[in-house]
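Beneath this line is the structure, given in structure tokens, with notes to follow.
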Amino acid sequence: MLPFLLIFTVIYAILQKTKIVGDGKKNFNVIIALVFSLLVVIPHILGTYPPGGDVVLIINNALPEVGLLIIGILMVLVMLGVFGVRWKIMGTSWATIFLIFSIIMVLYIFGVAAGNFGLPYWLSWLDDPQARAIFVMILVFGILIWFITKEDKSPEERAKSGFGKAFKAIGDSLKEA
């Protein structure tokens with residue numbers, strides 16, 4: 301059921317935004333999205349997909365990891381937003397870097413779920429859940445230590461970023477009204 305809804309929603313949203321069928325053609329977009337979703341789900345129900353090529357099983361295997369990745373990225377972005385961090389790396393914003401990282405990770409997760417590729421030999425230790433947990437724990441502790449030990453901004457600099465900017469914008473809009 302979940303893969304059907306996911307495929308239907310994505311195709312319907314793409315058709316609505318791109319207006320390929322025409323403007324105000326909601327009924328056509330629903331029918332097209334329904335047909336494409338059924339074309340993916342019905343072979344799964346009938347068991348006609350070749351071994352390792354069942355799209356529904358691939359989606360079901362990949363969704364938990366993609367969901368966890370999205371939650372992790374959103375948590376990092378919320379933390380960056382709360383602290384008002386405006387970092388630029390190689391002239392690009394963090395949002396661009398997170399976007400590229402997210403796309404690569406989603407493609408990797410779906411590739412592993414489909415059985416197309418796995419980890420290289422030198423990273424095979426990441427297949428062990430305990431080793432993966434230790435690696436993530438060390439990474440989280442490293443990030444926490446970096447946040448704690450980084451050079452602190454003055455109160456004036458902190459007030460100019462993050463919530464300070466939001467309150468200044470609210471104050472400016474109230475002055476204009």
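If you want the working numbering, it's the position in the sequence shown, counting the first as 1, plus 300. Each residue gets a CB set at the ideal place from its N, CA and C atoms; glycine is no exception.
Cβ neighbours of residue i in the same chain (closer than 6 Å, five flanking residues each side left out)
i	result
F336	I311
A333	F308, I311, Y312
Y349	P343
K325	none
Same chain, Cβ closer than 7 Å to residue i, five either side skipped, listed in chain order
i	result
V537	What the structure shows of the chain is the stretch from 301 to 477, and residue 537 is not part of that stretch, so it cannot be assessed.
L315	V321, N329, I332, A333
W255	Nothing can be reported for residue 255, as the shown portion of the chain is limited to 301 through 477.
P429	none
Nearest to residue i (by Cα), restricted to the options the options
i	options	result
M405	L377, G372, P429, V378	G372
V330	Y349, H344, F308, I345	F308
M301	Q316, A433, N360, I332	N360
P364	F441, F410, P429	F410
G303	K326, Q316, A362	Note on residue identity: the sequence assigns Pro, not Gly, to residue 303. Measuring from the Cα of P303, the nearest candidate turns out to be A362.
F401	L374, T318, N327, W425	L374
L533	L306, P350, L439	Absent from the structure is residue 533, since the part of the chain shown begins at 301 and ends at 477.
V366	P350, I434, L407, D323	L407
First and last residue of the uninterrupted alpha helix (DSSP H) at residue i
i	result
Y312	302-318
P343	326-346
Same chain, Cβ closer than 8 Å to residue i, neighbours up to 5 away in sequence not counted
i	result
P420	none
G352	A414, G415
V340	P303, F304, I307, V355, V356
F439	The displayed chain sequence assigns Leu, not Phe, to residue 439. Cβ within range, chain order: n/a, list empty.
Next on the checklist: Can you confirm whether the segment 337-345 touches the segment 356-368 when touching is taken to mean that 3 or more C-beta pairs between the two stretches lie within less than 8 Å?
Outcome noted: The count of Cβ pairs closer than 8 Å, one atom from the segment 356-368 and one from the segment 337-345, reaches three, so the stretches are in contact.
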